[in-house]
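Colleague: The structure under discussion is supplied below as structure tokens; questions concerning it will follow.
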Amino acid sequence: HKLFSWVHRSRRGVLLFIDEADAFLASRKGGSMSEQLRNALTTILYHTGTPTSQFMLVIATNRPGDLDSAVLDRLDESIEFGL
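Structure representation (structure tokens):
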């Protein structure tokens, strides 16, 4: 929650980039997520549920199918780079 407290105090806004997002924002359906990761995911979801001009979340992943469905619902745009 400290990160998002900082976001609310920021005059310029914050862009948060998460690389390898599938490791951090994975689906909760598997049941193998640690309590710390589940708490972090819940915090991200809580604070990204309402659009704001102060915060932008950009994620990168090689495995978009492993992301939690709630994370996918919060993405405004998705760009795929084929290899």
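If you use the working numbering, the sequence shown corresponds to residues 83 to 165, in order.
Virtual Cβ for every residue (Gly too), placed ideally from N, Cα, C.
Is the beta carbon of LEU85 closer than 9 Å to that of VAL140?
Modeller: Not in contact: VAL140 and LEU85 (Cβ atoms no closer than 9 Å).
Colleague: Mind checking THR130: buried by the 16 CB within 10 Å criterion, or exposed?
Modeller: Looking at its Cβ environment, which holds 16 or more other Cβ atoms inside 10 Å, THR130 is buried.
Colleague: Output yes or no for whether 9 Å exceeds the beta carbon distance between LEU157 and ASP104.
Modeller: Their beta carbons are not under 9 Å apart, which means LEU157 does not touch ASP104 by this criterion.
Colleague: To the nearest whole angstrom, what separates the beta carbons of SER151 and SER109, a pair I think is in contact under 8 Å?
Modeller: With 8 Å as the limit, SER151 and SER109 qualify as a contact, their Cβ atoms being about 7 Å apart.
Colleague: Since PHE137 is in the beta strand (DSSP E), which residue starts that stretch and which ends it?
Modeller: That run of the beta strand (DSSP E) goes 137-141.
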